[in-house]
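Asker:
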Amino acid sequence: MTYKHLTTRELTLIADFWYQGIKAYRAAKLLQRSQETIYHVYRFFNDGKTIDQYLQTYQRHKRRCGRKQTQLPTIEVNYIHTQIKAVWTPDTIIGRHEHPISCSMRTLYRMFARNQYGFSVKQLPMKGK
48 MTYKHLTTRE LTLIADFWYQ GIKAYRAAKL LQRSQETIYH VYRFFNDGKT
98 IDQYLQTYQR HKRRCGRKQT QLPTIEVNYI HTQIKAVWTP DTIIGRHEHP
148 ISCSMRTLYR MFARNQYGFS VKQLPMKGK
């Protein structure tokens, strides 16, 4: 199940409900959100903090979610570097199955695009074109 992040509009509405003294469970029904989410924001306001402080904290924590970048073992990175020097493309490296690589061909191309592990698009035979 995916989590739908709070928008600034929703956060403003929650703050308005809190200022008006509307109970959190009623605000949750009106916004069609989880009660736990609304209670969390209400508790933040009860501590004397502002909506701006909540939004900054929320956005800082939101950056941590999502998929993390794929990490390759050193042995695989060294193997890829040697094969790239031998003018192999990432699909050839993975397609030949000479050495197991723990990522897909598409992920490997993304690593080249991000210059991860010192991989560069300029090292590829087509020079990134």
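Count along the sequence shown from 1, then add 47; that gives the number in my numbering. Glycine residues also receive a C-beta, built at the ideal position from the N, C-alpha and C atoms.
Residues in the same chain with beta-carbon distance under 7 Å from residue 119, minus the five sequence neighbours each way, listed in chain order, please.
Answerer: These residues qualify, in order along the chain: 149, 150, 164.
Asker: Mark residue 48 as exposed unless 16 or more other C-beta atoms lie within 10 angstroms of its C-beta, in which case mark it buried.
Answerer: In this predicted model, residue 48 has a pLDDT of only 43, less than 50, meaning its place in the structure is not dependable; the value taken from the coordinates is given anyway. Flag for residue 48 reads exposed.
Asker: Can the beta-carbon of residue 66 be found less than 8 Å from the beta-carbon of residue 82?
Answerer: No; because the gap between Cβ atoms is not below 8 Å, this pair is not in contact.
Asker: Does the count of Cβ pairs from the region 92 to 106 and the region 126 to 140 closer than 8 Å reach three?
Answerer: Result no; under three Cβ-Cβ pairs closer than 8 Å.
Asker: With C-beta atoms as the reference, is residue 58 less than 8 Å away from residue 101?
Answerer: Yes. Within cutoff.
Asker: Can you list, in chain order, the residues of its chain whose CB lies under 6 Å from that of residue 62, leaving out five sequence neighbours each side?
Answerer: Excluding positions up to five away in sequence, the list reads 98.
Asker: Near residue 130, which residues of its chain fall below 8 Å by C-beta distance, leaving aside the five closest residues on each side in sequence?
Answerer: Excluding sequence neighbours, residue 130 sits near 139, 140.
Asker: Taking all protein chains shown into account, decide if residue 74 is buried (16 or more other Cβ within 10 angstroms of its Cβ) or exposed.
Answerer: With 16 or more Cβ atoms within 10 Å of its Cβ, residue 74 is classed as buried.
Asker: Could you tell me the distance, in whole angstroms, from the CA atom of residue 77 to the CA atom of residue 124?
Answerer: Approximately 52 Å, taken between the alpha carbons.
Asker: Give me the Cβ distance between residue 166 and residue 127, rounded to the nearest whole Å; I'm assuming they're in contact under 8 Å.
Answerer: So it is a contact: roughly 7 Å between Cβ atoms.
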